[in-house]
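First up is the structure itself, then whatever we jot down about it.
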Ligand code: PGA
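In the working numbering, the protein residues as written are 33 to 270.
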């Protein structure tokens, strides 16, 4: 995994937006796999400010809470639409949704089939979970874990609760699998803030293993880690 060290969240947002714009320039109908969470929001806002042709761009959702409809403030689909799709004019027909309802196996299979029919993921935009997860690939996750429904770990429940105050966080979620993420032609892992320094150091130093799902990205041929000074801690000064 290549490291691009940046100074602060604003620079991180610009660098990530550069990588997205480059992917869209190379392929106007690129398929993005798009995380929600705080980390990519600066990148999405930066993309919205830029002028580039997003008229054919497609977006696939990374993960979703089971049983949470779009009308619910906690819906990750709703968050992705508001922060990324609507500002770029990407309508529902160009969004690949990971549905929160219905039989989980069928919903995940249908999502995988739709991504495959779209030609696979060109660029995955990912954040790093406090427990090393990618999407909701919670530890332990094998390298070839499929798109599936999972039980969230305590670490994820706790960090997710910060977003929605008193509203209870669903305990189950559906996530694009490691197989789908690893199959992306390019992966961007965005990491920002001192609260991520410890988990980022562990991921950077780890051999790929199931207890730190992000460590599987060391095996990816084109994974770029963009991390800011606070997240890099001591390494930023080397
Ligand atoms: P964050 O979430 O971007 O809000 O830090 C990342 C994650 O939990 O995957």
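The C-beta atom is built at its ideal place from N, Cα and C for all residues, glycine as well. Bear in mind the structure is a predicted one, so any value in this text is a computation, not a measurement.
Looking from the CA of residue 56, the closest CA among 155, 174 and 229 belongs to 155.
The continuous beta strand (DSSP E) containing residue 38 extends over residues 34-38.
Separation of residue 264 and residue 246 (C-alpha to C-alpha, rounded to the nearest whole angstrom) is 16 Å. Linking residue 183 to residue 204 through their CA atoms gives a straight-line distance of about 5 Å. Boundaries of the alpha helix (DSSP H) around residue 57: 41-58. When beta bridges are read from the DSSP output, residue 207 appears opposite 95 and 180. Its Cα nearest to that of residue 226, the residue 268 stands out among 268, 202 and 220.
At a threshold of 7 Å, residue 69 counts as near ligand 1, since its beta carbon sits closer than that to one of the ligand's heavy atoms.
A Cβ-Cβ separation of about 19 Å leaves residue 77 out of contact with residue 105 under the 8 Å criterion.
Residue nearest to residue 176 within the set 252, 53 and 192 is 252 (criterion: CA-CA distance). Between the alpha carbons of residue 40 and residue 135 lies a distance of about 42 Å. Taking 7 Å as the cut-off, one finds at least one heavy atom of ligand 1 near enough to the beta carbon of residue 161. Within the model, the alpha-carbon separation for residue 107 versus residue 97 is close to 7 Å.
Residue 80 and residue 141 have their C-alpha atoms spaced approximately 31 Å apart. At the C-beta level, residue 43 and residue 260 come within 8 Å of one another.
Residue 64 and residue 148 have their alpha carbons spaced roughly 13 Å apart. At least one heavy atom of ligand 1 sits closer than 7 Å to the Cβ of residue 191. In this structure, ligand 1 has a non-hydrogen atom nearer than 7 Å to the beta-carbon of residue 165.
Taking the Cα of residue 146 as reference, the smallest distance to any Cα among 93, 173, 229 and 233 is reached at 93.
Taking a contact as a CB-CB distance under 8 Å, the pair residue 72 and residue 159 counts as one, their CB atoms being some 6 Å apart. Around the Cβ of residue 151, a 10 Å sphere holds fewer than 16 other Cβ atoms; the residue is exposed.
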